[in-house]
Structure formats: C-alpha cells, structure tokens
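Under the UniProt record's numbering, the residues of the sequence shown are numbered 1 to 355, in order.
Taking it in order: structure first as structure tokens, then the write-up.
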Amino acid sequence: MSNPLARRGFLVGGAVIGAGALVTACTSNEPAAQPTGAGTQPASPPAAGSDNDQPGKQITMGFSAPAADHGWIAAIAKNAEATAKQYSDVEFKPVEPTNDINAQISAVESLIAAKVGVLVILPNDGQQLNQVARQATDAGIPVVNLDRIFPDKLSYRTWIGGDNYGMGVAAGHYIGKKLKDKGVSNPVILEIQGIATLPLTQDRSKGFADALKAYGFSVTAQQDAQFTVETGNEVASNLLQAHKKIDAMWNHDDDQGVGVLAAIKEAGRNEFFMVGGAGSANAMREIQSGGSVLEATVTYSPTMASSAVRLGRLIAQAKGMSDLVENQVPQSITLASETITKDNVAQYLPLGFES
Numbered sequence: 001m002s003n004p005l006a007r008r009g010f011l012v013g014g015a016v017i018g019a020g021a022l023v024t025a026c027t028s029n030e031p032a033a034q035p036t037g038a039g040t041q042p043a044s045p046p047a048a049g050s051d052n053d054q055p056g057k058q059i060t061m062g063f064s065a066p067a068a069d070h071g072w073i074a075a076i077a078k079n080a081e082a083t084a085k086q087y088s089d090v091e092f093k094p095v096e097p098t099n100d101i102n103a104q105i106s107a108v109e110s111l112i113a114a115k116v117g118v119l120v121i122l123p124n125d126g127q128q129l130n131q132v133a134r135q136a137t138d139a140g141i142p143v144v145n146l147d148r149i150f151p152d153k154l155s156y157r158t159w160i161g162g163d164n165y166g167m168g169v170a171a172g173h174y175i176g177k178k179l180k181d182k183g184v185s186n187p188v189i190l191e192i193q194g195i196a197t198l199p200l201t202q203d204r205s206k207g208f209a210d211a212l213k214a215y216g217f218s219v220t221a222q223q224d225a226q227f228t229v230e231t232g233n234e235v236a237s238n239l240l241q242a243h244k245k246i247d248a249m250w251n252h253d254d255d256q257g258v259g260v261l262a263a264i265k266e267a268g269r270n271e272f273f274m275v276g277g278a279g280s281a282n283a284m285r286e287i288q289s290g291g292s293v294l295e296a297t298v299t300y301s302p303t304m305a306s307s308a309v310r311l312g313r314l315i316a317q318a319k320g321m322s323d324l325v326e327n328q329v330p331q332s333i334t335l336a337s338e339t340i341t342k343d344n345v346a347q348y349l350p351l352g353f354e355s
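Right, dumping it as structure tokens:
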C-alpha cells in the first residue's frame, strides 16, 4: 500500500483529501479588476490549500487508549504511532494502554501534569473518562476525542470517529434488501452486539432496527458478546442452538466474529448469510473466499487513529484542514460506514486489520 501521507493533503478515514489550489499572492503592480454589472458582487471565498505536511511548530502529543486485547484496538495504537512518526515536529508520548478505568484516568492525569501540547484519547468509556478530559481542556490542552465520545462537549476540542448508526443502517439495508429480493417473509434475523451498555453499540442497534423496518422486518433475537472471540463463540453457539432455522445474522464486530464463525462452522450451519462489522482483514479474506456464510462487512476503520493524530497536530499548530475554507479544524468528524462485499473486497483489503 502506498504511503498514506499526501504531500499536500489530509487523510480522513483512509481517504486522502487533496490540497487543492494554492493561495497565490498578487505580485502585479496593476490594480485589481473591478466587478462589472450593477452593484458590487460578494468576494469569492479563498481557495483551499496549504503546506500542512511541511514541518511546523514542535509539539508534544499525548496518547491514551485501551489495552490492545483485540485486533481493532491494536490497529488503533499502531496507526496512531506510525502516523506520528511521519512528522519531525511531533514528539509522540503514549501512556501504558489499559482496560482499567482508574488506571487510564491516572495515565491521562500524568500527561496533563507533563503539560503536553495536545491529547488524543480513546477512552475505555467516554462517560467515566469525561471528567479527566475536562481537566485537560480546562488546563489549556486541546483534546482530540477518538471514537467513544465524551458526553460533555467542553471536554474535547474535536471528536473523530466512525458512524455507528450508519454501520447499523448499512448492515440493515444489505440484509433487508437481500431477504426482500429472495421473497422471504417473517425472516429469523439474529444480532450479535459488542458491549451492550456502550452508546456506540446502542447506536449500531438502532440503525440496524431502523433500516430493517423499511423492509417490514425486525430483529428476532439480540445478544451481546463483549467484543471478545471467546464470548462471540459462546453467544453464537447459544443462538444457533436456540434457533433451528436462521435467515440472516449481523455480528457487530469482526474481532469477536472469529469466535462467531468458529461456532457456525462447528455447528455445520450454512442455511443463512451473515454480515460482519469493522472491516478486519480476516473477515475480508473470508468474504473473498466465496465459501463462507459471511458475505459482507460494514466498515469502522481503525485508520481513524491516523486521522486523529493529524487533527491533533493541526490543532496544536493552529492550522486548519487544507481543503476547507475555514481556518480551524472542525469540531466533529464522522467517517462513513461502507459495505464490503465480494465485488469490492480487493479494494478494501489493504486497509484491513488482523484480528
């Protein structure tokens, strides 16, 4: 895969936004042309473009995330560090990753005490880390909130993350359309969530339910699997035993999907089709094989960590995004959720993460 850094651009969700036309200075001694016609026309907005990737003010960037106990989180940390290393003006200062809420709070407090220039935080739980993020912003340290959102907007400068509701919508439309085209009525549709208490999971489930409703369908049974392979295997086994006939299944997370697929293969079930979530390389290879119940996955790419690092650097250097007219980085960026099938999997495979 080519270097994701464009010489004059910005990466968002795996796509490079080009720099556009450069703003040029007027060197002519001739007066500027006057507008013609009746009345004065409003001035055009300035052309987009900058040299954002050129070295600028030196900054120290703190980074905190959960422990890399599965592929998506591991890819988050790896992408963040790799992107920071591409900039000579960024000193990347990660703290020990942890799944312990109090330990993550203490780690972020240590970065605040170190007076870093900007913080990128993927909290274990946005609600429980909200107060320490607010401490950072109150201390004058801008916070880039990655993925799991802090409920208080005063706790972060910019949020960037995937479209959880959109993931559910994408999965619901894929399943709903296929079942409708096959003429299936009253289908048995199963949903395997991640961590049910997280707002992101609830958003995914709502999007899924809303999309299915457009086809006159609803979820038959729903159970959470905690984003782990082991629990995914256990939950899938229980659902397979409880439902002797299944038409479709949506599994929210491709990491836990390793366990889900293992349970399906162990049970010898293939009368249904399945949609995954996040876009792991494992899932994509399974889709590519054509011999699996897994037919599609909807993206929630860990490349968002690379984008978060770039956003943090721009904010700390008081720069805006090169293709936007505005002088500052936006307050919120939601990345699109795309549907990967056998038809387009080769295009997305280079962006997949290993579960």
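Beta carbons are placed, not taken as given, at the ideal position from N, Cα and C, and that holds for glycine.
Exercise. Relative to the alpha-carbon of Ala139, which residue among Asp147, Gln127, Leu154 has its alpha-carbon at the smallest distance?
Worked result: It is Leu154.
For this session: Evaluate the contact criterion for the stretch 240–254 versus the stretch 173–193: three or more CB pairs, one atom per stretch, below 8 angstroms.
Result: By the Cβ rule, the stretch 240–254 counts as touching the stretch 173–193, because three or more pairs are nearer than 8 angstroms.
Problem set entry | Nearest-angstrom Cβ-Cβ length linking Leu311 and Ile160, presumed shorter than 8 angstroms | Correct: roughly 6 angstroms between the Cβ atoms.
Exercise. According to the neighbour-count rule (16 or more other Cβ atoms, all chains shown, within 10 Å of its Cβ), is Ser301 buried or exposed?
Worked result: With 16 or more other Cβ atoms within 10 Å, it is buried.
Problem set entry | Buried versus exposed call for Thr197 [16 or more other C-beta atoms within 10 Å across all chains shown] | By the Cβ neighbour-count rule, Thr197 is exposed, with fewer than 16 other Cβ atoms within 10 Å of its own.
Problem set entry | Rounded separation between Phe150 and Ala74 - CA only | Counting only the Cα atoms, Ala74 lies some 21 angstroms from Phe150.
Exercise. Can you tell me whether Gln58 is buried or exposed, with buried defined as 16 or more other CB within 10 angstroms of its CB?
Worked result: By the C-beta density criterion, Gln58 is exposed, having fewer than 16 other C-beta atoms within 10 angstroms.
Exercise. How about Asp253 and Gly277: do their beta carbons lie closer than 7 angstroms?
Worked result: Yes.
Exercise. With burial defined as no fewer than 16 other Cβ atoms inside 10 Å of the residue's Cβ, what is the status of Ser337: buried or exposed?
Worked result: Burial call: buried.
For this session: May I ask you to verify whether the stretch 226–237 touches the stretch 262–282, counting CB pairs closer than 8 angstroms and requiring at least 3?
Result: Yes: the two stretches touch, three or more of their Cβ pairs being nearer than 8 angstroms.
For this session: Look at the alpha carbon of Tyr156 and the alpha carbon of Val143, and state the distance between them as a whole number of angstroms.
Result: When rounded, the distance between both Cα atoms is 5 angstroms.
Problem set entry | Buried versus exposed, by CB contacts within 10 Å (16 or more), Arg172 | Sequence check: residue 172 is Gly here, not Arg. Counting Cβ neighbours within 10 Å, Gly172 comes out buried, since at least 16 surround it.
For this session: Round the Cβ separation of Tyr348 and Met304 to the nearest angstrom and send it over; I've been treating them as touching at under 8 angstroms.
Result: Contact flag wrong, Cβ pair sits at about 15 angstroms.
Exercise. Which runs of the beta strand (DSSP E) spanning at least 3 residues fall entirely within the stretch 230–263, listed in chain order?
Worked result: Fully enclosed beta strand (DSSP E) runs of 3 or longer: 248–251.
Problem set entry | Opposing strand residues paired with Thr334 [DSSP bridges] | Answer is Gly161, bridged to Thr334.
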